[in-house]
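Chains as they are written, first to last, in this note's numbering: chain R, 676 to 821; chain E, 393 to 789. First comes the structure, then the notes that go with it.
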Amino acid sequence: MEDKVILLVEDNPDDVDLTLRALEKNNIVNNVVVTNDGAEALDYLFATGEYEGRDVTDLPEVVLLNLKLPKIDGLEVLRRIRADERTELLPVVILTSSDEEKDMINGYKLGANSYVRKPVDFNLFSEAVSQLGLYWLLLNEPPPKK
Amino acid sequence: MRDERKTKNELIKELAQLRRRIAKLEKSDAERKRAEQLVQDARAYAESIVATVREPLLVLDADLKVISVSRSFYQTFKVTPEETEGHNIYDLGNRQWDIPKLRELLENVPSKNTFFDDYEMEHDFETLGQKTMLLNARRIYRETNKTRLILLAIEDITERKRAEQDIKKYASQLEEANKELEAFAYSVSHDLRAPLRGIDGFSRALLENYHDKLNDRGKDYIHRVTGATRRMGRLIDDLLKLSRITRSEMKRESVDISQLARSIATDIKKEQPERQADFIIAEGLIVNGDARLLQVAMENLLGNAWKFTGKIQTASIEFGITEHEGEKAYFVRDNGVGFNMAYADKLFGAFQRLHSTHEFPGTGIGLATVARIIRRHGGRVWAKGEVGKGATFYFTL
Numbered sequence: 676m677e678d679k680v681i682l683l684v685e686d687n688p689d690d691v692d693l694t695l696r697a698l699e700k701n702n703i704v705n706n707v708v709v710t711n712d713g714a715e716a717l718d719y720l721f722a723t724g725e726y727e728g729r730d731v732t733d734l735p736e737v738v739l740l741n742l743k744l745p746k747i748d749g750l751e752v753l754r755r756i757r758a759d760e761r762t763e764l765l766p767v768v769i770l771t772s773s774d775e776e777k778d779m780i781n782g783y784k785l786g787a788n789s790y791v792r793k794p795v796d797f798n799l800f801s802e803a804v805s806q807l808g809l810y811w812l813l814l815n816e817p818p819p820k821k
Numbered sequence: 393m394r395d396e397r398k399t400k401n402e403l404i405k406e407l408a409q410l411r412r413r414i415a416k417l418e419k420s421d422a423e424r425k426r427a428e429q430l431v432q433d434a435r436a437y438a439e440s441i442v443a444t445v446r447e448p449l450l451v452l453d454a455d456l457k458v459i460s461v462s463r464s465f466y467q468t469f470k471v472t473p474e475e476t477e478g479h480n481i482y483d484l485g486n487r488q489w490d491i492p493k494l495r496e497l498l499e500n501v502p503s504k505n506t507f508f509d510d511y512e513m514e515h516d517f518e519t520l521g522q523k524t525m526l527l528n529a530r531r532i533y534r535e536t537n538k539t540r541l542i543l544l545a546i547e548d549i550t551e552r553k554r555a556e557q558d559i560k561k562y563a564s565q566l567e568e569a570n571k572e573l574e575a576f577a578y579s580v581s582h583d584l585r586a587p588l589r590g591i592d593g594f595s596r597a598l599l600e601n602y603h604d605k606l607n608d609r610g611k612d613y614i615h616r617v618t619g620a621t622r623r624m625g626r627l628i629d630d631l632l633k634l635s636r637i638t639r640s641e642m643k644r645e646s647v648d649i650s651q652l653a654r655s656i657a658t659d660i661k662k663e664q665p666e667r668q669a670d671f672i673i674a675e676g677l678i679v680n681g682d683a684r685l686l687q688v689a690m691e692n693l694l695g696n697a698w699k700f701t702g703k704i705q706t707a708s709i710e711f712g713i714t715e716h717e718g719e720k721a722y723f724v725r726d727n728g729v730g731f732n733m734a735y736a737d738k739l740f741g742a743f744q745r746l747h748s749t750h751e752f753p754g755t756g757i758g759l760a761t762v763a764r765i766i767r768r769h770g771g772r773v774w775a776k777g778e779v780g781k782g783a784t785f786y787f788t789l
């Protein structure tokens with residue numbers, strides 16, 4: 676399980692630290708790649724920009740995607756992930772503060788696998804992160820590598 | 393002598409003939425007088441109708457010369473008969489009726505199209521200023537002299553057009569305001585929660601990683617910080633829910649509110665099955681309203697009743713209908729902790745509470761939400777209570 680990568684797309688540094696802390700607390704010690712905006716996330720996935728040279732076929736196990744991101748927002752990132760043959764099956768979990776119906780609808784419409792609201796309460800947040808980690812890394816069957 | 397006799401007989405015959413002819417003439421004369429009288433009557437009748445009609449009317453002949461004018465035309469356009477009757481319509485009032493489109497319409501009425509409806513004409517009239525007129529025209533055919541006439545009716549719709557434009561303007565302003573409200577609610581939803589999460593998360597991190605460096609008071613302070621942030625999170629959530637109630641579209645339909653109450657009661661009991669509570673729900677009450685909003689209102693009212701009977705051994709919660717000052721009022725009654733009537737007017741304010749959070753949890757937004765929903769349905773909501781005896785909440789729809 677250790678070599679499975681989690682891609683965390685999150686612009687808020689506090690939330691990054693709290694997420695990493697929550698994963699750590701629940702013994703999920705995988706390699707977490709953090710990208711701070713939508714453009715960086717796409718660079719990572721498609722091995723462009725600063726991530727040029729990365730093996731594109733080496734996809735993360737799951738993407739934890741925030742919605743409000745600088746440069747390219749979460750829904751657009753999702754759209755591009757689903758639009759490319761190489762990444763169209765990649766599991767994406769939208770992890771966001773927003774509980775606005777239109778965000779949920781658009782997220783699911785664009786092909787998100789899951790939608791999780793970030794709770795304010797850290798205990799609940801930590802719980803949510805750990806459940807996500809366990810589910811997507813252990814229980815879920817990822818799409819077969821091409 | 394023969395001539396005399398002939399003449400006498402002939403004279404008598406002629407006299408009789410003359411008498412008959414005179415009688416006939418007298419008869420036709422009377423008929424003529426009657427016909428004339430009828431014409432006079434009809435004319436007076438028509439004229440009194442035309443004079444009473446508020447809209448200015450013109451009758452033009454086929455050459456567009458003014459033949460008749462209604463009194464209201466003179467009053468509206470502030471002109472005299474001398475300036476109007478007998479003149480060509482285009483010569484009236486400084487050629488103000490000489491408009492190409494109008495010419496085209498008018499000139500077709502006698503022969504081709506015979507009428508036109510609702511021609512809108514915007515013009516700066518000499519005596520009136522900028523006005524919008526609505527014109528309707530009909531061809532009238534007069535049998536007596538085989539002439540074709542045009543009846544032209546003019547309606548001043550300037551005020552109406554202005555009102556329509558105002559409505560459009562206000563509607564778009566309202567649309568604008570609603571969009572701003574939506575954007576605000578969205579940013580609250582997103583932006584305020586993130587820092588709260590940081591405060592809560594790092595406070596706990598402090599507690600966990602440095603608990604050996606903190607004394608009891610230090611730990612207590614941190615608990616207060618996390619408690620406050622969690623409370624603030626709930627307040628934001630409730631505020632957002634309340635704003636959604638105001639923003640959402642209302643869809644009115646027939647709703648079985650008894651069934652609604654029953655299903656909410658079942659869900660409430662499931663959450664705490666160990667509690668003893670009786671729900672008495674009146675059957676077959678149907679109302680006209682938005683199903684979703686009514687559900688939120690009933691959830692709040694029944695949820696409150698459940699909450700405030702939490703300390704009672706056997707709670708009794710009733711939903712039904714009654715009469716109040718001649719109208720139907722629905723009510724939710726409980727035998728719980730009740731409230732002091734002196735504070736009754738504070739009940740429905742946002743974030744107003746009559747009990748401390750220790751006694752009963754809550755943010756104080758429930759009743760404010762109910763009030764807003766009932767008001768959107770055009771109804772009223774009020775409450776009666778007694779400390780220690782219970783409370784009843786009434787609403788009309």
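For glycine and all other residues, C-beta sits at the position ideal for the given N, C-alpha and C.
Hey, threonine 723(R) and leucine 683(R): beta-carbon distance below 9 Å or not? no
8 Å Cβ shell around glycine 728(R) - same chain, five flanking residues per side excluded: Excluding residues within five positions, the ones whose Cβ falls inside 8 Å are Ala722.
Can you tell me whether DSSP reads tyrosine 719(R) as helix, strand or coil? helix
Across the stretch 550-565 of chain E and the stretch 604-616 of chain E, are there enough close Cβ pairs to call them in contact, namely three or more that are closer than 8 Å? no
Note down, in chain order, every chain R residue with its Cβ under 9 Å from the Cβ of lysine 689(E). In the sequence as presented, lysine is not what sits at residue 689(E); that position holds alanine. Within chain R, no residue comes near alanine 689(E); the closest Cβ sits about 20 Å away, beyond 9 Å.
Are glycine 590(E) and aspartate 678(R) close, meaning C-beta to C-beta below 9 Å? Taking the C-beta atoms as reference points, aspartate 678(R) is found no nearer than 9 Å to glycine 590(E).
With H, G and I counted as helix, E and B as strand and the rest as coil, what does DSSP make of glutamine 488(E)? coil
CB asparagine 705(R) to CB leucine 812(R), shorter than 9 Å? In this structure, asparagine 705(R) places its C-beta atom within 9 Å of the C-beta atom of leucine 812(R).
Using a 10 Å radius around the Cβ and a threshold of 16 neighbouring Cβ atoms, would you call aspartate 592(E) buried or exposed? buried
Quick check: what's the CA-CA separation for leucine 720(R) versus valine 731(R)? Taking the straight line from one Cα to the other gives about 7 Å.
Quick check: what's the CA-CA separation for lysine 425(E) versus valine 431(E)? 10 Å
I'd like to know whether the C-beta of aspartate 689(R) is nearer than 9 Å to at least one C-beta of chain E. For aspartate 689(R), the answer is yes, since a Cβ of chain E falls inside 9 Å of its Cβ.
Please compile the residues from chain R whose C-beta is within a distance smaller than 9 Å of the C-beta of glycine 625(E). Pro794, Val795, Asp796
Do we get a CB-CB distance below 9 Å when we pair arginine 684(E) with the residues of chain R? No, its Cβ sits nowhere closer than 9 Å to a Cβ of chain R.
From which residue to which residue does the alpha helix (DSSP H) around threonine 761(E) run? Run containing threonine 761(E): 758-768, per the alpha helix (DSSP H) assignment.
If we count the other Cβ atoms within 10 Å of its Cβ and call it buried at 16 or more, is aspartate 624(R) buried or exposed? Since the displayed chain R opens at 676 and closes at 821, residue 624(R) lies outside it and no answer follows.
Extract the residue ranges of the alpha helix (DSSP H) inside the stretch 755-814 of chain R, only unbroken runs of 4 or more that lie entirely within it. 776-784, 797-809
Proximal residues, the stretch 687-714 of chain R versus chain E, C-beta separation under 7 Å: Asn687, Asp689, Asp690, Leu693, Arg696
Between the C-alpha atoms of leucine 452(E) and glutamate 551(E), what's the straight-line distance to the nearest angstrom? 27 Å
Verify whether the separation of the beta carbon atoms of leucine 694(E) and isoleucine 709(E) is less than 9 Å. yes
Going by other Cβ atoms of all chains shown within 10 Å of its Cβ, with 16 needed for buried, is histidine 716(E) buried or exposed? Answer is exposed; the Cβ neighbour count stays below 16.
Nearest-angstrom Cα separation, counted from glycine 777(E) out to lysine 662(E): 27 Å
Name, going along the chain, the residues of the stretch 799-817 of chain R whose beta-carbon falls closer than 7 Å to a beta-carbon of chain E. Phe800
Contacts around lysine 553(E), its chain only, beta-carbon distance under 7 Å, and the 5 residues preceding and following it disregarded: Thr524
Span of the alpha helix (DSSP H) around tyrosine 466(E): 463-469
Using a Cβ cut-off of 9 Å (strictly closer), state whether aspartate 774(R) contacts chain E. At least one chain E Cβ lies under 9 Å of aspartate 774(R).
In terms of alpha-carbon separation, which member of Glu439(E), Asn486(E), Arg531(E) lies closest to lysine 504(E)? Arg531(E)
Tell me which same chain residues have a C-beta within less than 7 Å of the C-beta of glycine 676(E), skipping the five on either side of it? Ser650
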